[in-house]
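Line order of the protein sequences matches chains A and B. The opening position of the first sequence corresponds to residue 31 in my numbering, with each subsequent residue numbered one higher. The opening position of the second sequence corresponds to residue 19 in my numbering, with each subsequent residue numbered one higher.
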Amino acid sequence: MSKYILGIESSCDDTAVALVSQDSQVKSSVVISQDKIHENFGGIYPEFASRAHVHNIIPSINQVLEESCVTIDEIEAIGVTRGPGLMGSLLVGLNTATALGMGWQKQVIGINHLRGHLRSAELEGEEINYPAIILLVSGGHTFLAFMRSKLDIELIGETRDDSAGETFDKVGRMLGLGFPAGPIVDKLARKGKVNISFPRPLIHEGLEFSFSGLKSSVARYLEKQIDAEIVIEDVAASFVQAVMDVLLSKCTKAIQQYKPSSLVIVGGVAASSQLREGTEKICKEYGIKLCLPPIKWATDNAAMIGLATWDYIENKVFPIPKPELNILLSDF
Amino acid sequence: MIVSISTSLSQFIVSISKDNEILCYKKRERIPNGETHIDLILKECLEELNMKVSDISALVVDVGPGGTSSVRTGVSFANGLSYSLDCPIIGISSVDIIGIENYLKYKKSICCLFKSVKGNYFAGFYDGMNTKFIYTKVEEITQYIRSSFSEIVLCGNKDIIQNLELKLADINVIISDIYKVNPEILATYAHKFLDKTRKYPNLPVPVTETNIQEWS
């Protein structure tokens with residue numbers, strides 16, 4: 031009989047549930063987006079996020095079990111995100127998972143959301159050649175990690191302030207593109223000209239990132255254009271180019287320093303066509319494999335939590351399902 | 019065996035009853051940041067009674083008003099238990115539970131007041147049968163009480179009800195010190211609440227644009 035992990039993810043604004051086998055096959059996956067709820071606020075409104083999780087989580091679990099026809103006996107354990115994330119949102123997933131574990135007599139394991147993201151590139155039979163450099167670029171995180179194996183992870187550079195995804199969304203909001211604006215900014219950038227000189231923060235310094243200065247620079251530029259006509263496409267193109275220059279230069283530096291066999295890009299910003307093209311070039315130049323998970327696994331989902339849960343079981347690490355906001359990448 | 023859960027008002031309660039008899043209840047003061055585990059309190063109760071989780075036949079859960087994260091802790095846990103055990107669950111208001119206890123004592127209309135955000139208050143009215151909610155500024159609550167009651171029992175946040183009492187000089191006001199959920203009342207009335215049972219009452223409402231309005 032095949033065994034599955036029931037993965038539950040509710041760390042931010044998406045309610046996600048999935049069933050994943052040990053060989054990384056996703057039997058069923060549901061992600062309920064809350065974009066409609068948050069668009070009027072120009073960002074995620076934590077109270078509404080948590081409330082929507084309460085509404086969505088049981089129907090999502092029900093849908094995953096019905097679609098997959100997996101029985102409770104076939105569930106090996108329940109893996110649920112314990113952090114980092116929004117406290118109110120995490121509590122909904124953690125308490126629901128705890129109750130399911132009690133009712134079904136299954137072990138419930140609290141999973142590090144970041145480890146889930148790092149494993150997302152190996153879902154559905156994909157393979158990473160280790161050692162690998164991983165760039166996680168999402169709305170909540172931006173960092174570079176060196177993975178000697180799927181269990182041996184070292185953080186080698188992270189953002190000192192905002193994440194790249196958050197910067198995309200905030201610049202999009204400044205340009206009146208709603209929420210989440212990241213994908214629209216990326217799309218508009220392809221039509222514009224790179225003719226505005228925005229800074230490339232920390233581009234020559236180590237493997238750390240900083241995006242708040244770039245965000246302020248875009249804001250100052252827009253404030254100054256009182257009478258002039260703003261070409262949104264050009265602002266987007268110049269901004270995206272600045273972000274890409276920073277991300278790609280850090281990836282190149284990490285490859286030179288750590289000599290990996292593959293480069294893996296995960297997180298919502300991995301959907302950016304500019305980032306995909308840029309990293310492809312770098313990997314060709316250095317002769318290493320580029321691993322880009324499908325977009326559906328690049329953003330928050332529960333399949334990655336399910337796959338990470340198998341690592342915990344293999345390593346015999348069973349953190350209790352309790353919220354942990356300041357969890358480190360190296361932590362299980 | 020009916021399990022009742024209340025986490026809304028700075029205390030985590032589990033009470034267990036069967037055939038109108040209270041078997042066990044436990045109450046813990048809530049510690050912030052998710053450190054109070056409702057599952058451990060339930061396990062303690064079950065161990066004490068030498069019973070299993072599968073012996074639970076129905077659930078009652080307090081859906082607030084109360085602290086946002088703490089209400090969701092209890093509701094998420096109870097819904098997960100209800101789903102996994104495939105047993106019925108009913109959500110009841112904390113005002114119902116507090117109202118019942120006050121009504122048993124005073125036999126008069128009850129108003130429970132809770133402070134909310136942006137200068138608004140939750141006023142829950144209980145008259146032994148029905149519960150009515152008003153969510154507005156204290157001036158409008160005062161106006162409503164004046165026009166609807168000649169006598170009222172006030173309970174809830176102390177400073178607010180004392181302030182309200184001064185504005186209600188023309189009607190008979192009784193100040194009650196019963197303003198928290200009583201586990202015994204919760205257990206005693208659990209079977210009555212369950213008469214109204216639906217499955218997963220707080221849940222399968224899809225998030226649509228229509229209920230966003232109601233939230234904001």
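Where is the CB? At the ideal position from N, CA and C, for every residue including glycine. Note that the structure is predicted; figures quoted are calculated from it, not measured.
C-beta neighbour in chain B for residue i, strict 8 Å
i: residue 126 of chain A; result: yes
i: residue 130 of chain A; result: yes
i: residue 74 of chain A; result: no
Same chain, Cβ closer than 8 Å to residue i, five either side skipped, listed in chain order
i: residue 193 of chain A; result: 167, 168, 169, 170, 171, 172, 241
i: residue 125 of chain B; result: 146
i: residue 115 of chain B; result: 24, 80, 199, 200, 203, 204, 207
i: residue 216 of chain B; result: Caution applies to residue 216 of chain B, whose pLDDT of 45 falls short of 50 and renders its modelled position unreliable; the model cannot decide the point.
i: residue 35 of chain B; result: 19, 20, 22, 41, 205, 206, 208, 209
i: residue 82 of chain B; result: 26, 89, 111, 112
i: residue 248 of chain A; result: 201, 204, 228, 265, 269
i: residue 187 of chain B; result: none
i: residue 306 of chain A; result: 295, 300, 322
Any C-beta of chain A under 8 Å from that of residue i
i: residue 98 of chain B; result: yes
i: residue 33 of chain B; result: no
i: residue 225 of chain B; result: Note on residue 225 of chain B: pLDDT 31, under 50, position unreliable in the model; the coordinate value appears next. With 8 Å as the cut-off, residue 225 of chain B counts as an interface residue toward chain A.
i: residue 57 of chain B; result: yes
i: residue 68 of chain B; result: no
i: residue 46 of chain B; result: no
i: residue 208 of chain B; result: no
One or two residues paired with residue i in a DSSP bridge
i: residue 39 of chain A; result: A:46
i: residue 113 of chain A; result: A:142
i: residue 42 of chain B; result: B:34
i: residue 110 of chain B; result: B:80
i: residue 151 of chain A; result: Residue 151 of chain A pairs with nothing; no bridge assigned.
i: residue 137 of chain B; result: Bridge partners of residue 137 of chain B: none, in fact.
i: residue 190 of chain B; result: B:169
i: residue 137 of chain A; result: A:107
i: residue 177 of chain A; result: A:162, A:183
i: residue 319 of chain A; result: A:292
Interface partners of residue i on chain B, CB under 7 Å
i: residue 47 of chain A; result: The contacting residues do not exist; residue 47 of chain A stays about 12 Å from chain B at best.
i: residue 84 of chain A; result: 90, 93, 94, 220
Residues that residue i contacts on chain B, provided the C-beta gap is smaller than 8 Å
i: residue 77 of chain A; result: 86
i: residue 121 of chain A; result: 52, 87, 90, 91, 94
i: residue 80 of chain A; result: 86, 87, 90
i: residue 91 of chain A; result: 101
The ligand NAP heavy atom lying under 7 Å from the CB of residue i
i: residue 189 of chain B; result: Absence of the ligand NAP from the depicted structure is noted, as is the absence of any ligand whatsoever, leaving it without description.
Spatial neighbours of residue i in its chain, beta-carbon cut-off 6 Å, leaving aside the 5 residues before and after
i: residue 87 of chain B; result: none
i: residue 364 of chain A; result: Residue 364 of chain A lies beyond the residue range present for chain A, which begins at 31 and ends at 362; the question has no answer from this structure.
i: residue 142 of chain A; result: 357, 361
i: residue 355 of chain A; result: 113, 114
i: residue 94 of chain B; result: none
i: residue 313 of chain A; result: 293, 320
Closer than 9 Å at the beta carbon, the chain B residues around residue i
i: residue 118 of chain A; result: 86, 87, 90
Neighbour list for residue i in chain A, Cβ cutoff strictly below 9 Å
i: residue 79 of chain B; result: Residues of chain A passing the Cβ test: none, with the nearest at roughly 11 Å.
Under 7 Å from the C-beta of residue i: neighbouring residues of chain A
i: residue 71 of chain B; result: 132, 133
Neighbourhood of residue i by C-beta, 7 Å cutoff - its chain only, sequence neighbours within 5 removed
i: residue 230 of chain A; result: 272, 275, 276
i: residue 100 of chain A; result: 34, 49, 57
i: residue 77 of chain A; result: 118
i: residue 152 of chain B; result: 141, 159, 162
i: residue 84 of chain A; result: 122
i: residue 353 of chain A; result: 112, 113, 117, 120, 121, 124
Any chain D beta carbon closer than 8 Å to residue i
i: residue 29 of chain B; result: Of the protein chains in this structure, namely A and B, none is chain D.
*For the segment 99-115 of chain B, enumerate the residues whose C-beta is nearer than 7 Å to any C-beta of chain A, in chain order.*
99, 101, 102, 103
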